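S.K.: Below is the structure I would like to discuss, written out as C-alpha coordinates.
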(Lines of atoms letter the chains of each structure in order from A and count residues from 1; the text may use other names and numbers.)
(Lines give C-alpha, C1' and ligand atoms only; values in the text may rest on other atoms or scores of the structure.)
Protein backbone atom coordinates (compact mmCIF):
# COMPACT_ATOMS: atom_id res chain seq x y z
CA UNK A 1 0.00 0.00 0.00
CA UNK A 2 1.79 3.12 -1.28
CA UNK A 3 1.82 6.36 0.73
CA UNK A 4 3.32 9.55 -0.67
CA UNK A 5 4.67 11.88 2.00
CA UNK A 6 4.94 15.48 0.81
CA UNK A 7 6.46 18.69 2.13
CA UNK A 8 7.92 21.83 0.57
CA UNK A 9 11.49 21.13 1.74
CA UNK A 10 13.17 18.63 4.03
CA UNK A 11 16.22 19.29 6.17
CA UNK A 12 17.35 16.47 8.48
CA UNK A 13 18.39 17.26 11.09
CA UNK A 14 16.27 18.85 12.51
CA UNK A 15 13.03 17.89 10.71
CA UNK A 16 12.79 14.30 11.94
CA UNK A 17 9.05 14.50 12.61
CA UNK A 18 8.32 14.36 8.87
CA UNK A 19 9.84 10.87 8.49
CA UNK A 20 9.54 9.41 12.01
CA UNK A 21 6.26 7.60 11.42
CA UNK A 22 7.31 6.23 8.05
CA UNK A 23 10.51 4.83 9.56
CA UNK A 24 8.36 2.80 11.98
CA UNK A 25 5.61 1.83 9.50
CA UNK A 26 7.66 0.58 6.54
CA UNK A 27 6.60 -3.03 7.09
CA UNK A 28 2.94 -2.06 6.59
CA UNK A 29 3.13 0.69 3.94
CA UNK A 30 5.33 1.52 0.96
CA UNK A 31 6.45 5.08 1.69
CA UNK A 32 8.15 7.56 -0.57
CA UNK A 33 8.91 11.15 0.40
CA UNK A 34 8.48 13.88 -2.20
CA UNK A 35 9.90 17.33 -1.53
CA UNK A 36 11.10 20.18 -3.69
CA UNK A 37 14.48 20.46 -1.94
CA UNK A 38 16.12 18.05 0.52
CA UNK A 39 19.30 17.90 2.54
CA UNK A 40 19.69 14.72 4.59
CA UNK A 41 22.66 14.61 6.94
CA UNK A 42 21.68 11.48 8.84
CA UNK A 43 22.57 8.10 7.33
CA UNK A 44 19.91 6.43 9.46
CA UNK A 45 17.06 7.77 7.31
CA UNK A 46 15.83 4.82 5.24
CA UNK A 47 12.67 6.26 3.66
CA UNK A 48 13.24 6.88 -0.08
CA UNK A 49 13.31 10.63 -0.77
CA UNK A 50 12.86 12.41 -4.09
CA UNK A 51 13.67 16.10 -4.46
CA UNK A 52 13.64 18.27 -7.54
CA UNK A 53 15.72 21.41 -7.07
CA UNK A 54 19.20 20.82 -8.57
CA UNK A 55 22.43 22.52 -7.44
CA UNK A 56 22.92 20.08 -4.56
CA UNK A 57 26.39 21.46 -3.96
CA UNK A 58 24.89 24.86 -3.07
CA UNK A 59 23.73 25.97 0.40
CA UNK A 60 20.27 24.70 1.26
CA UNK A 61 18.82 28.20 1.68
CA UNK A 62 19.93 29.05 -1.86
CA UNK A 63 18.24 25.94 -3.25
CA UNK A 64 14.97 26.79 -1.52
CA UNK A 65 14.64 29.89 -3.71
CA UNK A 66 13.87 27.60 -6.65
CA UNK A 67 10.88 25.85 -5.03
CA UNK A 68 8.22 27.43 -7.28
CA UNK A 69 10.01 26.29 -10.44
CA UNK A 70 9.91 22.59 -9.63
CA UNK A 71 6.38 22.22 -8.26
CA UNK A 72 4.96 20.74 -11.50
CA UNK A 73 7.77 18.17 -11.65
CA UNK A 74 7.13 17.16 -8.05
CA UNK A 75 3.41 16.79 -8.72
CA UNK A 76 4.00 14.61 -11.78
CA UNK A 77 6.39 12.37 -9.84
CA UNK A 78 3.85 11.88 -7.05
CA UNK A 79 1.28 10.95 -9.67
CA UNK A 80 3.62 8.36 -11.26
CA UNK A 81 4.09 6.76 -7.84
CA UNK A 82 0.30 6.14 -7.87
CA UNK A 83 -0.17 6.38 -4.08
CA UNK A 84 -3.01 4.92 -2.05
CA UNK A 85 -2.87 8.05 0.15
CA UNK A 86 -1.02 11.37 -0.10
CA UNK A 87 0.05 12.83 3.24
CA UNK A 88 1.03 16.50 3.10
CA UNK A 89 2.88 18.22 5.95
CA UNK A 90 1.79 21.87 6.39
CA UNK A 91 -1.10 23.51 4.57
CA UNK A 92 1.32 25.95 2.94
CA UNK A 93 3.15 24.86 -0.23
CA UNK A 94 0.53 22.15 -0.71
CA UNK A 95 -0.12 22.78 -4.42
CA UNK A 96 1.96 19.82 -5.77
CA UNK A 97 0.27 17.37 -3.40
CA UNK A 98 -3.23 18.71 -4.06
CA UNK A 99 -2.70 18.64 -7.82
CA UNK A 100 -1.43 15.04 -7.70
CA UNK A 101 -4.31 13.98 -5.44
CA UNK A 102 -6.90 15.45 -7.81
CA UNK A 103 -5.27 14.02 -10.93
CA UNK A 104 -4.86 10.55 -9.45
CA UNK A 105 -8.06 10.52 -7.40
CA UNK A 106 -6.01 9.73 -4.30
CA UNK A 107 -7.26 10.85 -0.88
CA UNK A 108 -5.27 13.65 0.71
CA UNK A 109 -4.42 13.94 4.41
CA UNK A 110 -2.85 17.18 5.59
CA UNK A 111 -1.09 17.63 8.92
CA UNK A 112 -1.15 21.16 10.36
CA UNK A 113 1.91 22.08 12.41
CA UNK A 114 1.22 25.66 13.52
CA UNK A 115 2.82 28.19 11.20
CA UNK A 116 0.24 27.33 8.53
CA UNK A 117 -2.64 28.12 10.90
CA UNK A 118 -0.96 31.38 11.89
CA UNK A 119 -0.69 32.21 8.19
CA UNK A 120 -4.40 31.47 7.73
CA UNK A 121 -5.17 34.08 10.39
CA UNK A 122 -2.94 36.75 8.84
CA UNK A 123 -3.85 39.25 6.13
CA UNK A 124 -2.79 38.38 2.58
CA UNK A 125 -1.02 41.68 1.93
CA UNK A 126 1.88 40.39 -0.19
CA UNK A 127 2.22 38.12 -3.19
CA UNK A 128 3.77 35.38 -1.01
CA UNK A 129 1.02 35.70 1.60
CA UNK A 130 -1.62 35.42 -1.14
CA UNK A 131 0.14 32.29 -2.43
CA UNK A 132 0.10 30.74 1.05
CA UNK A 133 -3.59 31.58 1.49
CA UNK A 134 -4.33 29.97 -1.88
CA UNK A 135 -2.58 26.77 -0.76
CA UNK A 136 -4.41 26.79 2.58
CA UNK A 137 -7.72 27.09 0.73
CA UNK A 138 -6.74 24.14 -1.47
CA UNK A 139 -6.07 22.04 1.63
CA UNK A 140 -9.36 23.04 3.22
CA UNK A 141 -11.27 22.09 0.09
CA UNK A 142 -9.50 18.93 -1.07
CA UNK A 143 -8.22 17.20 2.08
CA UNK A 144 -10.21 14.15 3.12
CA UNK A 145 -8.85 14.60 6.64
CA UNK A 146 -6.87 17.33 8.38
CA UNK A 147 -4.70 16.37 11.35
CA UNK A 148 -3.65 18.89 14.01
CA UNK A 149 -0.69 18.18 16.30
CA UNK A 150 -2.56 19.33 19.43
CA UNK A 151 -6.05 20.18 20.70
CA UNK A 152 -4.89 23.78 20.91
CA UNK A 153 -3.95 23.85 17.22
CA UNK A 154 -7.17 22.11 16.21
CA UNK A 155 -9.24 24.80 17.95
CA UNK A 156 -7.14 27.55 16.36
CA UNK A 157 -7.59 25.97 12.93
CA UNK A 158 -11.37 25.75 13.29
CA UNK A 159 -11.45 29.37 14.44
CA UNK A 160 -9.60 30.29 11.24
CA UNK A 161 -11.90 28.53 8.80
CA UNK A 162 -10.89 24.86 8.78
CA UNK A 163 -13.81 22.44 8.85
CA UNK A 164 -14.42 20.82 12.23
CA UNK A 165 -15.81 17.78 10.37
CA UNK A 166 -12.44 17.11 8.77
CA UNK A 167 -10.13 17.87 11.71
CA UNK A 168 -8.74 15.27 14.09
CA UNK A 169 -5.99 15.62 16.69
CA UNK A 170 -2.93 13.48 16.01
CA UNK A 171 -0.08 13.85 18.50
CA UNK A 172 3.25 13.29 16.79
CA UNK A 173 4.71 10.92 19.35
CA UNK A 174 8.28 10.21 20.49
CA UNK A 175 10.35 7.13 19.75
CA UNK A 176 10.84 5.78 23.25
CA UNK A 177 13.37 3.24 21.97
CA UNK A 178 15.64 6.17 21.03
CA UNK A 179 14.74 8.66 23.76
CA UNK A 180 15.18 6.69 26.95
CA UNK A 181 16.88 7.18 30.31
CA UNK A 182 20.45 6.18 30.94
CA UNK A 183 20.84 2.88 32.72
CA UNK A 184 22.03 3.17 36.35
CA UNK A 185 25.69 2.54 35.48
CA UNK A 186 25.65 5.23 32.76
CA UNK A 187 23.71 7.62 34.97
CA UNK A 188 26.33 7.54 37.69
CA UNK A 189 28.97 8.76 35.24
CA UNK A 190 26.80 10.71 32.79
CA UNK A 191 26.82 14.12 34.47
CA UNK A 192 30.42 15.24 34.84
CA UNK A 193 29.32 18.48 36.50
CA UNK A 194 29.06 18.65 40.27
CA UNK A 195 26.14 21.08 39.86
CA UNK A 196 22.61 20.40 38.63
CA UNK A 197 22.03 21.08 34.93
CA UNK A 198 19.15 23.19 33.66
CA UNK A 199 18.86 22.49 29.91
CA UNK A 200 17.38 24.47 27.03
CA UNK A 201 17.08 22.96 23.54
CA UNK A 202 15.63 25.03 20.72
CA UNK A 203 15.87 28.13 18.58
CA UNK A 204 17.37 31.08 20.42
CA UNK A 205 14.53 33.46 19.65
CA UNK A 206 11.74 35.33 21.40
CA UNK A 207 9.01 32.76 20.83
CA UNK A 208 11.09 30.05 22.51
CA UNK A 209 11.64 32.36 25.50
CA UNK A 210 15.37 31.80 25.92
CA UNK A 211 16.01 35.29 27.35
CA UNK A 212 13.32 34.68 29.97
CA UNK A 213 15.13 31.52 31.01
CA UNK A 214 18.51 33.28 31.08
CA UNK A 215 17.09 35.98 33.38
CA UNK A 216 15.43 33.42 35.64
CA UNK A 217 18.63 31.37 35.79
CA UNK A 218 20.90 34.29 36.68
CA UNK A 219 18.50 35.35 39.45
CA UNK A 220 18.27 31.77 40.74
CA UNK A 221 22.04 31.26 40.72
CA UNK A 222 22.33 33.52 43.77
CA UNK A 223 20.43 30.89 45.77
CA UNK A 224 21.21 27.60 44.00
CA UNK A 225 24.32 27.06 41.93
CA UNK A 226 23.62 25.28 38.68
CA UNK A 227 24.69 25.20 35.03
CA UNK A 228 22.37 26.56 32.35
CA UNK A 229 23.22 24.55 29.22
CA UNK A 230 21.90 26.11 26.01
CA UNK A 231 21.61 24.03 22.83
CA UNK A 232 20.63 25.76 19.61
CA UNK A 233 21.19 28.77 17.40
CA UNK A 234 19.24 31.93 16.69
CA UNK A 235 18.95 35.67 16.84
CA UNK A 236 19.84 35.92 20.53
CA UNK A 237 23.01 33.81 20.49
CA UNK A 238 25.40 36.79 20.59
CA UNK A 239 23.46 38.38 23.44
CA UNK A 240 23.61 35.10 25.33
CA UNK A 241 27.34 34.72 24.69
CA UNK A 242 27.81 38.19 26.15
CA UNK A 243 25.75 37.18 29.20
CA UNK A 244 27.83 34.03 29.61
CA UNK A 245 30.98 36.14 29.97
CA UNK A 246 29.62 37.77 33.12
CA UNK A 247 27.59 34.70 34.18
CA UNK A 248 29.88 31.75 33.42
CA UNK A 249 27.32 29.22 34.60
CA UNK A 250 25.65 29.75 31.18
CA UNK A 251 27.16 27.21 28.78
CA UNK A 252 26.57 27.73 25.03
CA UNK A 253 26.83 24.50 23.02
CA UNK A 254 25.43 25.67 19.68
CA UNK A 255 23.69 23.27 17.29
CA UNK A 256 24.17 19.59 18.13
CA UNK A 257 23.47 16.32 16.37
CA UNK A 258 20.49 14.21 17.39
CA UNK A 259 22.74 11.82 19.33
CA UNK A 260 24.39 14.72 21.14
CA UNK A 261 21.00 16.25 22.02
CA UNK A 262 19.90 12.90 23.41
CA UNK A 263 22.97 12.79 25.65
CA UNK A 264 22.17 16.27 26.96
CA UNK A 265 18.57 15.29 27.65
CA UNK A 266 19.64 12.16 29.50
CA UNK A 267 22.18 13.92 31.73
CA UNK A 268 20.25 17.12 32.50
CA UNK A 269 18.55 17.61 35.83
CA UNK A 270 15.59 19.20 34.08
CA UNK A 271 14.62 20.75 30.74
CA UNK A 272 13.03 24.21 30.56
CA UNK A 273 10.89 25.27 27.56
CA UNK A 274 9.43 28.74 28.16
CA UNK A 275 7.75 29.07 24.74
CA UNK A 276 5.42 32.07 24.58
CA UNK A 277 3.32 34.32 22.37
CA UNK A 278 5.39 36.18 19.77
CA UNK A 279 4.21 37.85 16.57
CA UNK A 280 0.76 36.36 17.03
CA UNK A 281 1.97 32.76 17.35
CA UNK A 282 2.28 30.28 20.20
CA UNK A 283 3.90 26.85 20.31
CA UNK A 284 1.54 24.31 18.75
CA UNK A 285 3.12 21.29 20.44
CA UNK A 286 6.76 21.22 21.58
CA UNK A 287 8.29 17.81 20.90
CA UNK A 288 11.45 18.52 22.91
CA UNK A 289 9.32 18.39 26.06
CA UNK A 290 8.31 14.84 25.15
CA UNK A 291 11.88 13.89 24.23
CA UNK A 292 13.03 15.07 27.66
CA UNK A 293 10.32 13.22 29.55
CA UNK A 294 10.91 10.05 27.52
CA UNK A 295 14.56 10.37 28.61
CA UNK A 296 13.44 10.47 32.24
CA UNK A 297 14.07 14.21 32.63
CA UNK A 298 11.50 16.44 34.37
CA UNK A 299 10.39 19.63 32.62
CA UNK A 300 9.36 23.20 33.35
CA UNK A 301 7.40 25.17 30.74
CA UNK A 302 5.09 28.11 30.26
CA UNK A 303 1.39 27.28 30.12
CA UNK A 304 1.13 28.50 26.53
CA UNK A 305 -0.43 27.19 23.33
CA UNK A 306 -0.25 23.40 23.02
CA UNK A 307 2.55 23.07 25.57
CA UNK A 308 0.33 21.86 28.47
CA UNK A 309 -0.72 18.91 26.30
CA UNK A 310 2.92 17.82 26.17
CA UNK A 311 3.60 17.76 29.93
CA UNK A 312 2.51 14.89 32.16
CA UNK A 313 0.60 15.64 35.38
CA UNK A 314 3.54 14.56 37.55
CA UNK A 315 6.39 15.27 35.12
CA UNK A 316 7.33 18.80 36.16
CA UNK A 317 5.83 22.27 36.43
CA UNK A 318 3.71 24.56 34.24
CA UNK A 319 4.09 28.31 34.78
CA UNK A 320 1.92 31.25 33.79
CA UNK A 321 3.14 32.61 30.44
CA UNK A 322 5.74 35.41 30.76
CA UNK A 323 6.04 35.01 34.55
CA UNK A 324 9.85 35.04 34.75
CA UNK A 325 9.85 35.00 38.54
CA UNK A 326 7.47 32.05 38.55
CA UNK A 327 9.72 30.31 36.03
CA UNK A 328 12.69 30.65 38.39
CA UNK A 329 10.63 29.50 41.37
CA UNK A 330 9.46 26.40 39.51
CA UNK A 331 13.00 25.51 38.48
CA UNK A 332 14.09 25.99 42.09
CA UNK A 333 11.27 23.78 43.37
CA UNK A 334 12.57 20.87 41.29
CA UNK A 335 16.23 21.47 42.11
CA UNK A 336 15.33 21.41 45.82
CA UNK A 337 13.42 18.12 45.68
CA UNK A 338 14.71 15.33 47.91
CA UNK A 339 16.16 12.31 46.14
CA UNK A 340 13.07 10.11 46.47
CA UNK A 341 10.68 12.79 45.16
CA UNK A 342 12.96 13.63 42.25
CA UNK A 343 13.31 9.96 41.31
CA UNK A 344 9.53 9.58 41.36
CA UNK A 345 9.18 12.58 39.02
CA UNK A 346 11.70 11.05 36.60
CA UNK A 347 9.74 7.79 36.54
CA UNK A 348 6.44 9.65 36.04
CA UNK A 349 7.91 11.63 33.15
CA UNK A 350 8.95 8.46 31.31
CA UNK A 351 5.66 6.68 32.04
CA UNK A 352 3.64 9.63 30.68
CA UNK A 353 5.29 9.45 27.28
CA UNK A 354 5.13 5.66 27.16
CA UNK A 355 1.40 5.63 27.88
CA UNK A 356 0.20 8.83 26.17
CA UNK A 357 2.69 10.29 23.69
CA UNK A 358 4.79 7.45 22.28
CA UNK A 359 5.57 7.11 18.60
CA UNK A 360 4.21 3.57 18.80
CA UNK A 361 0.77 4.89 19.77
CA UNK A 362 0.98 7.70 17.21
CA UNK A 363 1.83 5.22 14.45
CA UNK A 364 -1.20 3.09 15.26
CA UNK A 365 -3.48 6.13 15.04
CA UNK A 366 -1.94 7.31 11.77
CA UNK A 367 -2.35 3.87 10.23
CA UNK A 368 -6.05 4.01 11.08
CA UNK A 369 -6.33 7.43 9.41
CA UNK A 370 -4.66 6.12 6.24
CA UNK A 371 -6.97 3.10 6.04
CA UNK A 372 -10.05 5.18 6.79
CA UNK A 373 -9.53 7.74 4.03
CA UNK A 374 -8.32 5.06 1.63
CA UNK A 375 -11.63 3.25 1.89
CA UNK A 376 -13.76 6.37 1.45
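Residue numbers (the working numbering): 1 to 376.
Every residue, glycine too, gets a C-beta built ideally from N, C-alpha and C.
Every value quoted in this text rests on a predicted model; they were computed, and no experiment measured them.
Report all residues from its chain with a CB closer than 6 Å to the CB of residue 7; omit the five preceding and five following residues, and keep chain order.
M.R.: The answer, listed in chain order, is 18, 35, 89.
S.K.: Assuming residue 9 is part of the beta strand (DSSP E), what are its boundary residues?
M.R.: Residues 2-12.
S.K.: Taking the alpha carbon of residue 75 as the reference point, which residue from 120, 336, 93 has its own alpha carbon closest?
M.R.: The residue with the shortest Cα to Cα distance from residue 75 is 93.
S.K.: Check whether the segment 248-266 and the segment 221-240 are in contact - that is, three or more C-beta pairs closer than 8 Å.
M.R.: Touching, per the Cβ criterion.
S.K.: Indicate the three-state DSSP secondary structure (helix, strand or coil) for residue 316 in the structure shown.
M.R.: Of the three classes helix, strand and coil, the one that applies to residue 316 here is strand, per DSSP.
S.K.: On a Cα-Cα basis, can you pick out the residue from 26, 87, 118 that is closest to residue 282?
M.R.: Closest option to residue 282, Cα to Cα, is 118.
S.K.: Just the C-alpha distance for residue 377 and residue 130, rounded to the nearest angstrom, thanks.
M.R.: Since the first residue shown for the chain is 1 and the last is 376, residue 377 is missing from the structure and cannot be characterised.
S.K.: Could you give the C-beta distance for residue 41 and residue 53, rounded to a whole number, given that I count them as a contact under 8 Å?
M.R.: 17 Å between Cβ atoms; not a contact.
S.K.: Between which two residues does the alpha helix (DSSP H) harbouring residue 368 extend?
M.R.: Segment 359-375, the alpha helix (DSSP H) holding residue 368.
S.K.: Looking at the strands, I want to know which residues DSSP matches up with residue 30.
M.R.: BP columns for residue 30 point to 2.
S.K.: Give the straight-line distance between the Cα atoms of residue 319 and residue 112, rounded to the nearest whole angstrom.
M.R.: If I take the Cα positions, the gap works out to 26 Å.
S.K.: Could you tell me how far apart the beta carbons of residue 310 and residue 349 are, in whole angstroms, since I believe they sit closer than 8 Å?
M.R.: Between residue 349 and residue 310 the Cβ distance is about 11 Å, and since that is not below 8 Å, they are no contact.
S.K.: What separation, rounded to the nearest whole angstrom, lies between the Cα atoms of residue 249 and residue 228?
M.R.: Distance between the alpha carbons of residue 249 and residue 228: 6 Å.
S.K.: Could you tell me the alpha carbon to alpha carbon distance between residue 213 and residue 315, rounded to whole angstroms?
M.R.: Taking the straight line from one Cα to the other gives about 19 Å.
S.K.: Name the DSSP bridge partner or partners of residue 254?
M.R.: According to DSSP, residue 254 bridges with 231.
S.K.: Pairing CB atoms from the segment 139-149 with CB atoms from the segment 324-331, are three or more of them under 8 Å?
M.R.: Touching, no.
S.K.: When the Cα atoms are used, what is the spatial distance from residue 366 to residue 261?
M.R.: In a straight line, the C-alpha of residue 366 is about 27 Å away from that of residue 261.
S.K.: Can you name the residues that DSSP bridges to residue 273?
M.R.: Answer is 301.
S.K.: By how many angstroms is the C-alpha of residue 39 removed from the C-alpha of residue 58?
M.R.: Approximately 11 Å, taken between the alpha carbons.
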